[in-house]
Amino acid sequence: MIGGIELGGTKCIVAVANNPLDILEKKIIPTRGPTSTILDIVSFFSNYQISKLGVGSFGPLVLNSDSAEYGCLVAESKGGWKGINLVKELSKIDAHIIIDTDVNAAALGEYKYGVGKSAETFVYVTVGTGIGVGVLIEGKPHVGDFHLEIGHMFIPDKDNFEGVCRIHGNCWEGLASGPAMQSRWGMEARALSLEHEAWEKEAQLLAFGIINIISNHSPDKIVLGGGVMNQKHLFEKVRLNVKKIWNGYTPLGPLSDLILEPALGSDSGIVGSLSLAL
Ligand SMILES: [Zn+2]
Numbered sequence: 000m001i002g003g004i005e006l007g008g009t010k011c012i013v014a015v016a017n018n019p020l021d022i023l024e025k026k027i028i029p030t031r032g033p034t035s036t037i038l039d040i041v042s043f044f045s046n047y048q049i050s051k052l053g054v055g056s057f058g059p060l061v062l063n064s065d066s067a068e069y070g071c072l073v074a075e076s077k078g079g080w081k082g083i084n085l086v087k088e089l090s091k092i093d094a095h096i097i098i099d100t101d102v103n104a105a106a107l108g109e110y111k112y113g114v115g116k117s118a119e120t121f122v123y124v125t126v127g128t129g130i131g132v133g134v135l136i137e138g139k140p141h142v143g144d145f146h147l148e149i150g151h152m153f154i155p156d157k158d159n160f161e162g163v164c165r166i167h168g169n170c171w172e173g174l175a176s177g178p179a180m181q182s183r184w185g186m187e188a189r190a191l192s193l194e195h196e197a198w199e200k201e202a203q204l205l206a207f208g209i210i211n212i213i214s215n216h217s218p219d220k221i222v223l224g225g226g227v228m229n230q231k232h233l234f235e236k237v238r239l240n241v242k243k244i245w246n247g248y249t250p251l252g253p254l255s256d257l258i259l260e261p262a263l264g265s266d267s268g269i270v271g272s273l274s275l276a277l
C-alpha cells in the first residue's frame with residue numbers, strides 16, 4: 000500500500016491506495032497552522048501500513064534530496080509555515096517519503112494518467128488561491144537550481160491594480176489568482192456573472208502568462224486546473240486571447256489541442272502525489 004498527501008494552502012488531501020488510480024481511503028483536512036495540520040495528517044496514516052509516501056506540497060520548498068534541508072519550506076507563503084521541514088515532521092509516519100511541489104505532482108498525475116500522456120514537454124498550471132506551474136520534460140519535472148516559480152513572473156496590466164501577492168504585489172499570481180479576482184472586483188470569482196467583464200480581463204491576464212510559458216518552454220500540451228478554472232467558459236476565452244497576443248508568430252496548431260482541461264479534474268494533485276510514491 001502507498002500513501003499520498005496533497006498539501007495545499009487551504010486544504011490538504013490525504014489518501015492510501017493500491018496504486019494511484021485505486022484509492023482505498025481519502026480524507027480532506029483543512030490546512031491551518033503546521034502543528035495541528037500535521038497532527039491530523041499523521042493520525043490519518045497511523046491506521047495504515049504504507050511503504051512509501053508521496054507528498055505534493057505548496058512551496059517554495061527544498062527539493063534536493065541530498066540536502067539536510069530536504070522538504071523545508073523556505074518562505075512565508077502560508078502564515079506560520081516558514082522553516083517547517085515537512086520530511087522531518089512527517090517522519091512519524093513509518094514510510095519512505097518522496098516530496099515535490101504540488102504543481103509538479105499534479106503535472107505528474109496528468110502526465111501518467113490524464114491528458115499529458117506521451118507529451119514531450121508538458122505544462123500544468125493551477126489557478127486558484129495562487130498560481131503555480133509544473134513543467135515536465137519527458138515526464139521529469141524541470142526544477143533548475145531550486146525550482147520554478149512561474150506564478151511569480153511579471154505580466155502587463157494596464158489597470159494599475161496593485162495586486163495581492165504577499166511577496167511581489169502585482170506578479171502573475173498577484174494579478175490573476177482567485178484572491179486577486181476577489182480584490183479587483185469586490186466579490187468572489189464564483190459569484191461573478193458569466194457576462195461580467197472580469198472574465199475577459201482574467202482570460203487576457205492568463206493568456207499573457209501562458210504566452211510567456213510558450214515562449215520559454217514550447218510545450219506540446221498545457222493543462223489549466225485549479226478553482227478558478229472550474230469556470231469552463233474561461234478555456235475558450237483564454238485560447239482566443241493566446242491566439243490574439245501570439246499573433247501567428249510561430250505555428251501553435253489548434254489551440255483546443257494545446258490548452259486543455261485536466262482529465263482527472265480535481266484529483267490531478269492527489270493522483271500525482273500517489274504517483275511520486277511509485
Ligand atoms: Zn509573487
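Per numbering that gives the first Met the number 0, the very first residue in the sequence shown carries number 0; after that it's consecutive.
Cβ coordinates follow ideal geometry from the N, Cα and C atoms, glycine included.
Quick caveat, the model's predicted, so the values are computed rather than measured.
In the DSSP assignment, residue 215 falls within the alpha helix (DSSP H) that extends over 196-216. The three-state secondary structure of residue 50, taken from DSSP, is coil. When the Cα atoms are used, residue 221 and residue 41 turn out to be separated by approximately 34 angstroms. In this structure, the C-beta of residue 232 stays at least 8 angstroms away from each heavy atom of ligand 1. With 6 angstroms as the limit between CB and the heavy atoms of ligand 1, the residues that fall short of it are 151, 164, 166, 167, 170, 172, 173. Residue 69 carries a coil assignment under DSSP once its states are collapsed to helix, strand and coil. Counting only runs that start and end inside the region 229-257, the alpha helix (DSSP H) elements of at least 4 residues fall at 232-245, 254-257.
Proximity to residue 160 across 115, 213, 181, 2 peaks at 181, based on C-alpha coordinates. Beta bridge pairing from DSSP links residue 34 with no other residue. For residue 14, the secondary structure class from DSSP, reduced to helix, strand or coil, is strand. Taking all protein chains shown into account, residue 57 has 16 or more neighbouring C-beta atoms within 10 Å of its C-beta and is therefore buried. By the criterion of a C-beta distance shorter than 8 angstroms, residue 191 is surrounded in its chain by 180, 184, 197, 198, once the five residues flanking it on both sides are discounted. Across the structure, residue 234 and residue 256 are spaced so that their CA atoms are roughly 12 angstroms apart. The DSSP assignment places 171-175 as complete runs of the alpha helix (DSSP H) inside the region 125-180, in order along the chain (cut-off: 4 residues).
Apart from the 5 residues on each side of it in sequence, residue 33 sits with its Cβ closer than 8 angstroms to the Cβ of 79, 80, 83, 88 in its chain, given in chain order. Under the three-state reduction of DSSP, residue 109 is assigned to helix.
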